[in-house]
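Working notes, beginning with the structure itself.
Number of protein chains: 2
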Amino acid sequence: MHSYTEENYLKALFNLSADKGEVSANELSKQLGIKMPTVNSMMKKLSEKKLVHYESYKPLRLTEKGKREAGLIIRKHRLTEMFLVQKMGFGWEEVHEIAEQIEHLHSPNFFERMDALLGYPKIDPHGSPIPDKTGKMEWIKYEKLSSCKEGDTVRLAAVIHTTDDFLKFLNLRELSLGVKLKIKTVEKFDGSMTVSHNKKGSDTLSHIVCDRLLVEKL
Amino acid sequence: MHSYTEENYLKALFNLSADKGEVSANELSKQLGIKMPTVNSMMKKLSEKKLVHYESYKPLRLTEKGKREAGLIIRKHRLTEMFLVQKMGFGWEEVHEIAEQIEHLHSPNFFERMDALLGYPKIDPHGSPIPDKTGKMEWIKYEKLSSCKEGDTVRLAAVIHTTDDFLKFLNLRELSLGVKLKIKTVEKFDGSMTVSHNKKGSDTLSHIVCDRLLVEKL
DNA sequence: TAAATTTGTTAGATGACTCTAAGTTATTAC
DNA sequence: GTAATAACTTAGAGTCATCTAACAAATTTA
């Protein structure tokens, strides 16, 4: 098994390299809040363990094995988040910190049971896909709300770059996963949108907000 | 906060010194599977932190502060065990290992929620008392089954020295907390007992078994 | 009570993870 | 195409929790 520390490096590598498939040591260092030389030596160690492709002065890439192991940690994180929300009544803004800790538990039984009690969910409370038991993650291709046009009707499917503050902001506006939104207007000069929302009236959302909301067109 | 390691020392000290109020470094070392010199230096460290009374060549004692902190860890352990059994469907023989890990989580919210969902239980699935939020534990004085006499009718209230094997042994005989037992015979030469048990016929239990079962006389 | 045994202590080393300081390679900006 | 800046690497040190080896104190045994 890997140490708590190694698991955190793997997870960060996985998350940061999600798009390009590679990360700079510098990004990783910032993400983890750990100084470059420390990251550097850990990369050599993970490279020894065949979890990371490491070459001097080159970007970092997870090996297939590394991706699998990282996927399994993220699986535990997301199952936990789902459990906390669905079975323990936490809000989606409260679960990240707890899941950061529970994801490191070593107990196949425990996560197996969570999974079963939840009915084998495919997504977490923020709409992110839960990797399967082999660590593989199916990307669902949603659109950003920011790329939609006036008149579109969409369903809120996922939230990215989730922070407590952002999620609380969405709570206040009753913007939860699944809500149907109709785009009334899109401002040219700042990209903000006015959307109408089932029961409530309409809300104006800044471009920054719209860029973090993933939707499914209806 | 204390490290994972320190918490394990505190917990072990608490459990081992439950009766006499003190433990030898040697016992502690054996319990934790950690060599004496390591234990010795950790005791000095915990003494610095005012968690343990340490004097050369004297038995170890937890300070009041140490007892409180240990009690809080045991509280988390036992609440977790209760949650795993009551809310997640685990058997009482499966929960110890998982709780060993969860007890170290730092999230007041999480344990608060568990406690509430369970309805503020006072005992864990093995009948051990759950310390309160200040770390204080109320001992309930049950009798050992081994000290009961022929003809007594008792209710099984708690199990001590719980190991997987012992709990599985009890499962097979449908001996769960709360069952009513009537003591038919007590063998003079080996202290084994024949007890009859609600629905089932009667079972013969060795002295070793009877010594690990705590009962309430009816 | 003296010898043998057990228990406890000190000293010094190791491995995991972190850091700072200083040097090297790439990249960016005139 | 240098010079400046940013990114990366190396070297060396510190902390935490662990170990082994060697010694000292306490306890048990004969």
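Top line first, the protein sequences correspond to chains A and B.
If you're matching positions, the first sequence starts at 1 in the numbering used here and goes up one per residue.
If you're matching positions, the second sequence starts at 1001 in the numbering used here and goes up one per residue.
All residues carry an ideal CB built from backbone N, CA and C; glycine is no exception.
Please read all numbers here as calculations on a predicted model, not as lab measurements.
Can you tell me whether DSSP reads residue 1102 of chain B as helix, strand or coil? Here the question's residue 1102 of chain B lines up with position 102 in the second sequence. Correct three-state label for residue 1102 of chain B: helix.
Shortest alpha-carbon distance to residue 1183 of chain B belongs to which of B:1083, B:1010 and B:1144? For the purposes of this step, residue 1183 of chain B is taken as residue 183 along the second sequence, with counting starting at 1. Of the listed residues, the one whose Cα sits closest to residue 1183 of chain B is B:1144.
Can you give me, in chain order, the residues of the segment 98-121 of chain A that have a beta carbon less than 8 Å from any beta carbon in chain B? 98, 101, 102, 105, 106, 107, 109, 110, 113, 114 and 117
Using the DSSP secondary-structure output, state which residues sit across from residue 20 of chain A in a beta bridge. As a first step, residue 20 of chain A is located in the first sequence; it is residue number 20 there, counting from the start. BP columns for residue 20 of chain A are empty, so no partner.
Could you tell me whether any Cβ in chain B is nearer than 8 Å to the Cβ of residue 89 of chain A? By one-based count along the first sequence, residue 89 of chain A stands at place 89. Yes, contact with chain B.
For chain A, check one thing: does any of its Cβ atoms lie closer than 8 Å to the Cβ of residue 1094 of chain B? Your numbering for residue 1094 of chain B matches position 94 in the second sequence. Judged by the 8 Å Cβ criterion, residue 1094 of chain B is in contact with chain A.
Which whole-angstrom value is the C-beta distance of residue 1083 of chain B and residue 1114 of chain B, which I expect to be below 8 Å? Here residue 1083 of chain B is taken as the residue at index 83 of the second sequence, counted from 1. Here residue 1114 of chain B is taken as the residue at index 114 of the second sequence, counted from 1. Going by Cβ atoms, the distance from residue 1083 of chain B to residue 1114 of chain B rounds to 5 Å, so yes, they are a contact pair.
Strand pairing of residue 1185 of chain B, partner residues [DSSP]: Position 185 of the second sequence, counting from 1, holds the residue named residue 1185 of chain B. In DSSP, residue 1185 of chain B forms a bridge with B:1194.
Any idea which residues DSSP pairs residue 12 of chain A with across the strands? Locating residue 12 of chain A in the first sequence gives position 12, where the first residue counts as 1. BP columns for residue 12 of chain A are empty, so no partner.
With residue 1181 of chain B and residue 1195 of chain B assumed to form a contact (beta carbons below 8 Å), what rounded beta-carbon distance in angstroms separates them? Residue mapping note: residue 1181 of chain B aligns to position 181 of the second sequence, counting from 1. Residue mapping note: residue 1195 of chain B aligns to position 195 of the second sequence, counting from 1. Going by Cβ atoms, the distance from residue 1181 of chain B to residue 1195 of chain B rounds to 4 Å, so yes, they are a contact pair.
Does the distance from the C-beta atom of residue 168 of chain A to that of residue 93 of chain A stay below 8 Å? Within the first sequence, the letter at position 168 stands for residue 168 of chain A. Within the first sequence, the letter at position 93 stands for residue 93 of chain A. A contact, by the Cβ cut-off of 8 Å.
Assuming the contact rule is C-beta atoms closer than 8 Å, residue 70 of chain A and residue 13 of chain A should be a hit. Round their C-beta distance to whole Å, please. Counting from one through the first sequence, the residue named residue 70 of chain A turns up at place 70. Counting from one through the first sequence, the residue named residue 13 of chain A turns up at place 13. 6 Å between Cβ atoms; contact.
Pick helix, strand or coil for residue 1179 of chain B, following the three-state DSSP scheme. Taking the first residue of the second sequence as position 1, residue 1179 of chain B is located at position 179. Three-state result, residue 1179 of chain B: coil.
Starting from residue 153 of chain A and walking both ways along the beta strand (DSSP E), at which residues does that stretch end? Walking along the first sequence from the start, residue 153 of chain A turns up at place 153. Looking at the DSSP string, the run of the beta strand (DSSP E) that includes residue 153 of chain A is 153-159.
Kindly give me the distance between the Cβ atoms of residue 1065 of chain B and residue 1087 of chain B, rounded to whole angstroms, as I take these residues to be in contact under 8 Å. Walking along the second sequence from the start, residue 1065 of chain B turns up at place 65. Walking along the second sequence from the start, residue 1087 of chain B turns up at place 87. Not really, about 32 Å apart at Cβ, beyond 8 Å.
How about residue 17 of chain A and residue 61 of chain A: do their beta carbons lie closer than 8 Å? If you number the first sequence from 1, residue 17 of chain A lands on position 17. If you number the first sequence from 1, residue 61 of chain A lands on position 61. Yes, they are a contact pair.
Given residue 155 of chain A as reference, the closest of A:149, A:179 and A:173 once Cα atoms are compared: Counting from 1 along the first sequence, the entry for residue 155 of chain A is found at position 155. Among A:149, A:179 and A:173, the Cα nearest to that of residue 155 of chain A is on A:179.
Pull up the CB-CB distance for residue 214 of chain A and residue 119 of chain A, whole angstroms please, since I reckon it's below 8 Å. What you label residue 214 of chain A is simply residue 214 of the first sequence in a count that begins at 1. What you label residue 119 of chain A is simply residue 119 of the first sequence in a count that begins at 1. About 23 Å; that fails the 8 Å criterion.
What residues match up with residue 53 of chain A in a beta bridge as DSSP calls it? Here residue 53 of chain A refers to the residue found at position 53 when the first sequence is read from its first residue. In DSSP, residue 53 of chain A forms a bridge with A:61.
When we look at the beta-carbon of residue 1162 of chain B and count the other beta-carbons within 10 Å, is it buried (16 or more) or exposed? Here the question's residue 1162 of chain B lines up with position 162 in the second sequence. Classification for residue 1162 of chain B: buried.
Among A:45, A:79, A:73 and A:24, which has the Cα closest to the Cα of residue 58 of chain A? In the first sequence, residue 58 of chain A corresponds to position 58, counting from 1. Nearest option by C-alpha distance: A:24.
In whole angstroms, give me the CA-to-CA distance for residue 1150 of chain B and residue 1207 of chain B. Against the second sequence, residue 1150 of chain B aligns to sequence position 150. Against the second sequence, residue 1207 of chain B aligns to sequence position 207. Cα to Cα, the separation comes out at about 14 Å.
In the DSSP assignment, find the unbroken alpha helix (DSSP H) run with residue 1133 of chain B in it and report its ends. Stepping through the second sequence from its first residue, residue 1133 of chain B is reached at position 133. It is not in any alpha helix (DSSP H) - residue 1133 of chain B carries neither H nor E in the DSSP assignment.
Taking the Cβ atom as the reference point for each residue, do residue 125 of chain A and residue 186 of chain A lie within a distance shorter than 8 Å? Along the first sequence, one-based indexing puts residue 125 of chain A at 125. Along the first sequence, one-based indexing puts residue 186 of chain A at 186. Contact: no.
How far does the alpha helix (DSSP H) with residue 164 of chain A in it reach, from first residue to last? By 1-based counting over the first sequence, the position of residue 164 of chain A is 164. Looking at the DSSP string, the run of the alpha helix (DSSP H) that includes residue 164 of chain A is 164-172.
Nearest neighbour of residue 1052 of chain B, chosen from B:1075, B:1027 and B:1009 [CA to CA]: Start at 1 with the first residue of the second sequence, and residue 1052 of chain B comes out as number 52. Checked all of B:1075, B:1027 and B:1009; the closest Cα to residue 1052 of chain B is B:1009.
Which one of B:1006, B:1146, B:1089 and B:1164 has the shortest CA to CA distance from residue 1216 of chain B? Looking up residue 1216 of chain B in the second sequence gives position 216. Measuring from the Cα of residue 1216 of chain B, the nearest candidate turns out to be B:1146.
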